[in-house]
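Numbering (UniProt numbering), first residue to last: 1 to 136. Where is the CB? At the ideal position from N, CA and C, for every residue including glycine. Just so we're clear, the structure is a prediction, and the values are computed from it rather than from any experiment. See below for the structure under consideration.
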């Protein structure tokens, strides 16, 4: 995906999820996504079905679907590693989670199963490039 595609997806996701009262995080690195969605079961399932039908996505797997007592994310945000995207005030909702882990703004608020999967995604495969710019 191009930088413009990623930022457009972020803006679109934040607006739609706000309307649906869905929080979570979308991680993007090296062409792959991992997403955590939190909200009412029907809203999350409806969103997941929409993502599955979106032609921009393929090889989609649901890892876990379970109720929780409280949300691990208090906002919708996106963390990504993409060399063409510079940190910018206009990019509200961008998290440095892939660079800084739990020290980043919009990191999971507490340990959870989704946070464990996100951590595995963040640290698997290729390493973060040495010259990657932090996004806070």
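Among the options, the one whose alpha carbon lies nearest that of residue i
{"i": "residue 21", "options": "74, 33 and 57", "result": "74"}
{"i": "residue 66", "options": "53, 38, 59 and 50", "result": "38"}
{"i": "residue 2", "options": "24, 15, 16 and 32", "result": "32"}
{"i": "residue 40", "options": "24, 112, 51 and 55", "result": "24"}
{"i": "residue 8", "options": "30, 56 and 42", "result": "56"}
Anticipated Cβ contact below 8 Å, residue i with residue j, distance rounded
{"i": "residue 34", "j": "residue 121", "result": "4 Å"}
{"i": "residue 117", "j": "residue 60", "result": "Going by Cβ atoms, the distance from residue 117 to residue 60 rounds to 15 Å, so no, they are not a contact pair."}
{"i": "residue 10", "j": "residue 94", "result": "7 Å"}
Contact set for residue i: own chain, Cβ-Cβ below 7 Å, skip 5 residues either direction
{"i": "residue 47", "result": "20, 22 and 37"}
Contacting residues, own chain, Cβ-Cβ under 8 Å from residue i (five flanking each side not counted)
{"i": "residue 44", "result": "22, 37, 38 and 65"}
{"i": "residue 112", "result": "68 and 72"}
{"i": "residue 52", "result": "60"}
beta-carbon residue i near the ligand NAP non-hydrogen atom, thresh 7 Å
{"i": "residue 70", "result": "Looking for the ligand NAP in the displayed structure turns up nothing, as the structure carries no ligands at all."}
At what residue ranges does the segment 27-87 contain a whole run of the beta strand (DSSP E), taking only runs of 3 or more?
-> 32-38 and 76-81
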